[in-house]
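Mapping the sequence shown onto the working numbering, position 182 (from 1) lands on 183, and the numbers just tick up by one. We treat Cβ as the ideally placed atom computed from N, Cα and C, and that holds for glycine. Please read the structure below before turning to the comments.
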Amino acid sequence: MNIKLKKSSKLKSGSQIKITGSKSESNRLLLLKALFPELTILNLSNSDDSQVMQKALEDSTSPIIDIHHAGTAMRFLTAFFATQENRKVTITGSLRMQERPIQILVDALRDLGADIQYLKNEGYPPLQISGKCLEKNSVELAANISSQYISALLLIAPKLKNGLQLKLKGKITSVPYIKMTLALLEQIGVETHFDNNILEIKPQNQNLKTKTLIVESDWSSASYYYSIVALSALGTEIELSSYKETSLQGDSVLASIYKSFGVTTTFKNNSIVLYKNETIDSNILVELDLANAPDIAQTIAITCLGLQIPCKLSGLHTLKIKETDRLVALKTEIEKFGATVEITDNSLEISKFNPLKSKVKIATYNDHRMAMAFAPLALKKTFTVNEAEVVSKSYPEFWKDLKSIGFQLKK
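So this is what it looks like as structure tokens:
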């Protein structure tokens with residue numbers, strides 16, 4: 002399905018949008034619920050990824066688990082099934098998933114005693130996993146890898162016979178996501194320690210401290226509304242729910258970052274109110290290290306494109322192994338609008354602008370964030386998003402919600 006977004010000069014200011022639970026929190030809690038069935042989870046994400054994760058965890062008999070494009074599910078479920086004694090499964094996914102590396106996690110699990118075999122290419126899915134009791138409790142990992150590898154190990158640790166000591170070597174990537182995992186473990190009563198790059202998780206042998214957990218709404222999904230407000234007229238206001246001022250999500254840094262784009266954030270009754278209060282000088286340079294929040298890099302880059310503001314974004318090395326190589330994809334699609342983009346393995350820079358071109362067709366590369374990040378540009382130009390249904394991976398109601406605030410969409 003392709004969607005044409007017609008230039009929308011005026012939005013319904015004061016609109017209210019309800020965003021479902023964080024995909025990152027939901028997937029962590031779904032795995033914990035599989036390990037601790039007495040847990041109850043409220044406000045789960047309605048994303049494809051979380052539905053795939055939930056279905057896989059509730060399937061106790063199938064020998065084949067297909068997680069499609071869900072990278073978090075691939076990593077978390079690999080660790081989970083490695084601990085399921087007397088269960089043998091093959092875990093696979095889309096063609097792109099079979100190109101995304103998983104050897105770092107598999108090696109770590111094997112060091113702990115897991116039985117995991119590659120069925121096609123060494124280091125990549127699909128995997129055959131024979132679950133067993135993992136008695137070893139110490140492993141080392143490079144610290145600059147995707148935090149999902151680390152979180153996968155931390156999440157299964159409370160059920161390991163001797164817990165887990167995880168030593169990280171070097172500078173850690175995406176610390177907020179690791180802290181999110183630790184905070185969720187602590188909420189249910191698991192004892193954790195994180196000091197000098199050493200993570201320790203004690204085995205959970207007692208009753209849970211908390212049995213009902215409410216998932217905060219997704220800050221990554223909120224990023225598109227920050228971009229919309231930034232590209233809108235002064236006085237534009239959008240309210241999003243349900244959010245906490247003390248969030249576990251690294252992407253909550255949006256509230257601070259978007260002050261530079263003239264957007265204020267006010268917390269009110271479990272909601273956030275975004276308000277455009279200032280016009281930004283296009284002569285400024287937006288320079289950000291997004292190592293702790295790489296998922297909002299696409300949104301910020303497109304905000305800068307729409308405002309014709311130069312930017313230098315770094316800390317982006319994990320974007321190369323997402324649903325697509327997001328750095329290459331961003332360069333390709335942004336340049337269709339007439340800007341000049343330079344990328345490295347770790348960074349993206351937009352340095353030169355021409356007037357935004359019209360009638361552009363955006364390719365989405367099976368990547369939900371490519372579709373959603375570009376959508377706010379409809380406040381400036383008419384263009385088309387190809388394969389727009391990909392948004393269901395994290396935010397199925399996205400196009401419906403945009404229409405509700407005044408965007409003009411045509412399939």
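A residue is called buried once 16 or more other Cβ atoms fall within 10 Å of its Cβ, and A292 is buried on that count.
Looking at K56, I344, A389, the one whose alpha-carbon comes closest to that of K362 is A389. Of the other Cβ atoms in all chains shown, fewer than 16 fall within 10 Å of the Cβ of A234; this residue is therefore exposed.
Residue pairing by DSSP places F195 opposite L200 in a beta bridge. Of the other Cβ atoms in all chains shown, fewer than 16 fall within 10 Å of the Cβ of H194; this residue is therefore exposed. Annotation for C312: no alpha helix (DSSP H) segment contains it, though the beta strand (DSSP E) segment containing it runs 312-315. In the structure shown, the three-state DSSP call for Y125 is coil.
One alpha carbon belongs to L378, the other to L232, and they sit about 8 angstroms apart. Excluding five sequence positions before and after G316, the CB atoms of its chain that fall closer than 6 angstroms to its own CB belong to D290, L291, A292, given in chain order. Residue pairing by DSSP places F268 opposite I273 in a beta bridge. In this structure, DSSP gives G251 a helical state, which the three-state scheme calls helix.
Counting of Cβ neighbours within 10 angstroms places K358 among the exposed residues, the total staying below 16. Restricting attention to alpha helix (DSSP H) runs no shorter than 4 residues, the stretch 345-381 encloses them at 369-375, ordered along the chain.
By the CB criterion at 8 angstroms, T304 and D368 fall outside the cutoff.
Under the 10 Å beta carbon count, I65 is surrounded by fewer than 16 other beta carbons and is classified as exposed. Taking all protein chains in view, the Cβ of I199 is surrounded by fewer than 16 other Cβ atoms within 10 Å, so the residue is classified as exposed. Taking C-alpha positions only, I344 is separated from K332 by approximately 7 angstroms. In the DSSP annotation of this structure, the continuous segment of the beta strand (DSSP E) that includes Q409 starts and ends at 409-411. DSSP places Y396 outside any alpha helix (DSSP H), giving it a letter other than H or E. Around the CB of F262, 16 or more other CB atoms lie within 10 Å, so the residue is classed as buried. A direct Cα-to-Cα measurement between Q166 and A35 gives close to 22 angstroms. According to DSSP, residue pairing for I66 in a beta bridge involves I92. Under the three-state reduction of DSSP output, Y119 falls in the strand class.
S51 is positioned such that its CB atom lies closer than 8 angstroms to that of N28.
Residue pairing of T213 in beta bridges, as defined by DSSP: T41.
Between I18 and D402, the C-beta gap is smaller than 8 angstroms, which places the two residues in contact. Assignment of S10 by DSSP, reduced to helix, strand and coil, places it in the coil class.
Measuring C-alpha to C-alpha distances from A364 to each of A376, E246, E398 identifies A376 as the nearest. For Q52, the enclosing alpha helix (DSSP H) stretches over residues 49-59. Per DSSP, D112 is one residue of the alpha helix (DSSP H) stretching across 104-112. In the DSSP annotation of this structure, F262 is not part of any alpha helix (DSSP H), being labelled neither H nor E. In the pairwise beta carbon analysis, the stretch 68-80 is classified as touching the stretch 107-117: at least three pairs are separated by under 8 angstroms. Per DSSP, reduced to three states, the secondary structure at T280 is coil, with no helix or strand assignment. Three or more beta-carbon pairs separated by less than 8 angstroms link the stretch 127-143 to the stretch 86-98, which places the two stretches in contact. DSSP places E26 within a helical segment (H, G or I) once states are collapsed to three.
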